[in-house]
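Heads up: the sequence shown runs through residues 1 to 176, numbered per full-length UniProt numbering. Presented below is the structure to which this report refers.
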Amino acid sequence: MNRDTHGFNGARTARLSGWRRIWRYTTLREVAYLTVIPDPDSAIDGLIAPVPDADWEALDYRERAYERVPATHQITHDLHHEPDIAVYAVPGDHHAASGPDHTLLLSYIDVVVQGYLREFGPEGAARFFATTDGWEAPVINDRAVPRYPRHCRLTPDETALVDAHLEALQVHIQCL
Numbered sequence: 001m002n003r004d005t006h007g008f009n010g011a012r013t014a015r016l017s018g019w020r021r022i023w024r025y026t027t028l029r030e031v032a033y034l035t036v037i038p039d040p041d042s043a044i045d046g047l048i049a050p051v052p053d054a055d056w057e058a059l060d061y062r063e064r065a066y067e068r069v070p071a072t073h074q075i076t077h078d079l080h081h082e083p084d085i086a087v088y089a090v091p092g093d094h095h096a097a098s099g100p101d102h103t104l105l106l107s108y109i110d111v112v113v114q115g116y117l118r119e120f121g122p123e124g125a126a127r128f129f130a131t132t133d134g135w136e137a138p139v140i141n142d143r144a145v146p147r148y149p150r151h152c153r154l155t156p157d158e159t160a161l162v163d164a165h166l167e168a169l170q171v172h173i174q175c176l
């Protein structure tokens, strides 16, 4: 969602219908992934971008914890043609039961929310929090030493906005 975390040129805002975001625990790592699950009553904002050189294999490798799911007919965008569009979702056979050992990384949340702020403004960031499930997990405050590999520094205003939303959701923040 954050243009600073990828090199895809031509990214555009879009809306995906029939899906909802969720922080999902998997058998692949200790911390949760942000993914999507089918939800016929939900729609979420995001970005679409051309896959460089149509190299879906390279993108599949980058997103190897996810499964590529066709979504061309569930996307609303401003393009004048129908590109091949997919959404990446954690496969069902990788889902793990939530528990106290499964956490979210604040550096990951920060990057995503920064992207929503830049693309959709404060209202878009609020929609992100409202249309995402899984906030009951503890959040590790790793801002000082980010563990998320594509972390980005936030401005003080961006940090305050993230913190305010997490506080409103009564998210438990753990210090490292």
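A virtual CB, placed ideally from N, CA and C, is assigned to each residue, including glycine.
For the beta strand (DSSP E) assignment, the uninterrupted runs of no fewer than 3 residues enclosed by the UniProt domain "Gamma-glutamylcyclotransferase AIG2-like" (8–92) are, from N- to C-terminal side, 12–24, 33–48, 67–70, 86–89.
Secondary structure of Q170 (DSSP, three-state): coil.
In the structure shown, the three-state DSSP call for H94 is helix. Taking 8 Å as the cut-off, the beta carbon of D39 is found no closer than this to the beta carbon of W23.
When DSSP states are grouped into helix, strand and coil, L176 belongs to the coil group.
In the three-state DSSP reduction, V145 falls in the coil class, being neither helix nor strand.
By the beta-carbon neighbour count (other beta carbons within 10 angstroms, threshold 16), E136 is exposed. For T155, the three-state secondary structure derived from DSSP is coil. Secondary structure of T131 (DSSP, three-state): coil. Three or more pairs of CB atoms, one per stretch, sit closer than 8 Å, so the region 110–128 contacts the region 145–160.
It is roughly 8 Å from the alpha-carbon of I44 to the alpha-carbon of F128.
One alpha carbon belongs to T13, the other to E30, and they sit about 31 Å apart. In this structure L106 is buried. Its beta-carbon is surrounded by 16 or more other beta-carbon atoms within 10 angstroms. In this structure, the straight-line span from the alpha carbon of L16 to that of Y88 is close to 12 Å.
Proximity to A71 across D53, A58, V36 peaks at V36, based on C-alpha coordinates. For the pair V145 and L169, the CB atoms are not nearer than the 8 Å cut-off.
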